[in-house]
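In this note's numbering, the protein residues as written are 22 to 225.
Written out below as structure tokens is the structure these notes cover.
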């Protein structure tokens, strides 16, 4: 059963990665978010983005995050036989990750949709950026939850507290992200998450 949940989580991360691409790419290529402080450059940048992209990202992304959450819950359950306390920390942190990240993903898609729908005006730009800044706490809480989860998993494996070989600690989003960071790959976090669950599905 746990392998099935890991496969579901793998699919969820792949689908969520596609959702990230819908928010990050237009017909002219990757969006350069360093231009958001310049009204003219930001308007030009989003000119090639269709309204359906952020809307599709919101809907599919919400489903994708819900789906891959089952993998994190399954990992927490698997950890229980090795250390009930760590398992409870992982369970709690996975909830603190998944729930705020759904909200954050919806906000990211919503601000893009509103900005495009309001004809990419400077007033729209200022409004959506202000809204996103004031709701950034959802992203912070979500990624702190994920970080706690991943550290617990890494430490348990690398110290030999599970029946996995120590080298299996590489099947963790943290080291995978370190490898992906220098690359230009999109949706690095979701790629790392997908690789983690695929690797653990094979190992466990």
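Glycine included, C-beta positions come from ideal geometry on N, C-alpha and C.
It should be emphasised that the depicted structure is a prediction, and the values quoted were computed from it without experimental measurement.
Following the continuous alpha helix (DSSP H) through residue i, name the residue where it begins and the one where it ends.
{"i": "residue 63", "result": "60-67"}
{"i": "residue 108", "result": "105-138"}
{"i": "residue 77", "result": "73-100"}
{"i": "residue 154", "result": "143-155"}
{"i": "residue 45", "result": "23-45"}
{"i": "residue 190", "result": "No alpha helix (DSSP H) holds residue 190; DSSP gives it neither H nor E."}
{"i": "residue 166", "result": "158-179"}
{"i": "residue 218", "result": "209-224"}
{"i": "residue 196", "result": "194-201"}
When you compare only the Cα positions, how much space is there between residue i and residue j?
{"i": "residue 208", "j": "residue 30", "result": "15 Å"}
{"i": "residue 141", "j": "residue 150", "result": "12 Å"}
{"i": "residue 61", "j": "residue 143", "result": "8 Å"}
{"i": "residue 7", "j": "residue 134", "result": "With the chain running from 22 to 225 in the structure shown, residue 7 is simply not present."}
{"i": "residue 154", "j": "residue 105", "result": "37 Å"}
{"i": "residue 48", "j": "residue 102", "result": "50 Å"}
{"i": "residue 57", "j": "residue 90", "result": "32 Å"}
{"i": "residue 52", "j": "residue 107", "result": "40 Å"}
Exposed or buried, what is residue i when buried is set at 16 or more other beta-carbons lying within 10 Å of its beta-carbon?
{"i": "residue 55", "result": "exposed"}
{"i": "residue 109", "result": "exposed"}
{"i": "residue 199", "result": "exposed"}
{"i": "residue 25", "result": "exposed"}
{"i": "residue 41", "result": "buried"}
{"i": "residue 206", "result": "exposed"}
Of the choices the options, whose alpha-carbon is the least far from that of residue i?
{"i": "residue 33", "options": "93, 49, 166 and 175", "result": "93"}
{"i": "residue 131", "options": "118, 64 and 44", "result": "44"}
{"i": "residue 22", "options": "95, 129 and 53", "result": "95"}
{"i": "residue 118", "options": "99, 215, 193 and 168", "result": "168"}
{"i": "residue 195", "options": "186, 205, 181 and 218", "result": "218"}
{"i": "residue 88", "options": "214, 59, 74 and 72", "result": "214"}
{"i": "residue 186", "options": "59, 124, 129 and 223", "result": "223"}
{"i": "residue 16", "options": "177, 170 and 190", "result": "No statement about residue 16 is possible, as the shown extent of the chain runs from 22 to 225 and does not include it."}
{"i": "residue 138", "options": "46, 71, 225 and 35", "result": "71"}
{"i": "residue 111", "options": "85, 204, 178 and 98", "result": "98"}
Is any heavy atom in the ligand HEM found nearer than 7 Å to the beta carbon of residue i?
{"i": "residue 110", "result": "In the structure on display, the ligand HEM does not appear, and there are no ligands present to speak of."}
Original post:
Taking three-plus beta-carbon pairs below 8 Å as touching, is the segment 76-89 in contact with the segment 146-161?
Top reply: no
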